[in-house]
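Enquirer: Here you go, one structure.
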Amino acid sequence: MNRMENFKNGLIKDNPVFGLYLGLCSTLAITTSLNNAIGMGTAVIVVLILSNVIISAIRKIVPDDIRIPVYIVIIATLVSIIQMVIEAFAPALNTSLGVFIPLIVVNCIILGRAEAFASKNGVLDSALDGLGMGLGYLLAVLAMSFIRELLSSGGLVLTNPFNTEQVWMNLSLIPEEFRISLFSSPLGAFMTFAFLAAALTAYKSHAAKKAAAKTKEAK
Numbered sequence: 002m003n004r005m006e007n008f009k010n011g012l013i014k015d016n017p018v019f020g021l022y023l024g025l026c027s028t029l030a031i032t033t034s035l036n037n038a039i040g041m042g043t044a045v046i047v048v049l050i051l052s053n054v055i056i057s058a059i060r061k062i063v064p065d066d067i068r069i070p071v072y073i074v075i076i077a078t079l080v081s082i083i084q085m086v087i088e089a090f091a092p093a094l095n096t097s098l099g100v101f102i103p104l105i106v107v108n109c110i111i112l113g114r115a116e117a118f119a120s121k122n123g124v125l126d127s128a129l130d131g132l133g134m135g136l137g138y139l140l141a142v143l144a145m146s147f148i149r150e151l152l153s154s155g156g157l158v159l160t161n162p163f164n165t166e167q168v169w170m171n172l173s174l175i176p177e178e179f180r181i182s183l184f185s186s187p188l189g190a191f192m193t194f195a196f197l198a199a200a201l202t203a204y205k206s207h208a209a210k211k212a213a214a215k216t217k218e219a220k
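The opening position of the sequence shown corresponds to residue 2 in the working numbering, with each subsequent residue numbered one higher.
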């Protein structure tokens, strides 16, 4: 698999949330608004890229017996730095995301890519893998947040994370009597996830059947 194929797989085919079912705790919890999704998605992208690059760079000098603890220390350090930056410059976002920022340390996406890819590949490939998986996670939480916020509140609100008084977008699209408050609850999160995961599975199944049909015709 070349670099571009590996990068694109993280976006759709092997999407960490809807394809591999990783990082679901934070996904289900923080996808109540676009602001939360963008903040968490950006943090995960940064940690994924940096951890993959560092782990790839030191993969040949880390003994196999202690590689997992070393990976966790690297990821925990990066997450602590990201959390301090968010707390300093975007305190409202830090409050909104709460405990889920430090929990990035044990996010299965981060550790999974470190073990499955970065520890076996070069720095550039690992950086692209981290970017692809990170963008896949961001797209997943944005899709869930879009649906949940729109259906539960009737609109979409996006503010400046560094200045919450500055509103970038405030749309009201659904009349109050047609709003479904259920989608702001955990049950709504599970329903949204199930719908999107099923849609991706159906798409992958259709694509596989199409590819199989083309192969059969070619023979």
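Each residue gets a CB set at the ideal place from its N, CA and C atoms; glycine is no exception.
1) Pick out whichever of N37, G24, F19 and K9 has its Cα sitting closest to the Cα of V158.
2) Leaving aside the five residues before and after V193 along the sequence, list all residues of the same chain whose C-beta is less than 8 Å from its C-beta, in chain order.
3) If T19 sits next to L201, beta carbons under 8 Å apart, how far is it from one beta carbon to the other, in whole angstroms?
4) At what residues does the alpha helix (DSSP H) containing S173 begin and finish?
5) Does the segment 72 to 81 come into contact with the segment 95 to 108, if we say contact requires no fewer than three beta-carbon pairs (one atom in each stretch) closer than 8 Å?
6) Looking only at its own chain, which residues have a Cβ that is under 7 Å from the Cβ of I111, when we skip the five neighbours before and after it?
7) Where does L157 sit, in a helix, a strand or coil, going by DSSP?
8) I'd like to know whether the C-beta atoms of L12 and G133 end up nearer to each other than 8 Å.
9) Looking only at C-alpha atoms, which of I62, P92 and L29 sits nearest to E166?
Expert: Working from what's here:
1) For V158, the nearest C-alpha among the options comes from N37.
2) According to the sequence displayed, residue 193 carries Thr and not Val. In chain order, T32, M145, I148, R149 and F184 place their CB closer than 8 Å to the CB of T193, counting only its own chain and leaving out the 5 sequence neighbours on each side.
3) First, the amino acid is wrong: residue 19 is Phe here, not Thr. Yes, F19 and L201 are in contact; Cβ-Cβ is about 4 Å, under 8 Å.
4) Per DSSP, S173 belongs to no alpha helix (DSSP H); it is in the beta strand (DSSP E), N164 to S173.
5) Counting Cβ pairs under 8 Å, three or more are found: they touch.
6) Counting only Cβ-Cβ distances below 7 Å, and skipping sequence neighbours, we find V48, L49, S52, I76 and I105.
7) L157: strand per DSSP, three-state reduction.
8) Yes. Within cutoff.
9) Checked all of I62, P92 and L29; the closest Cα to E166 is P92.
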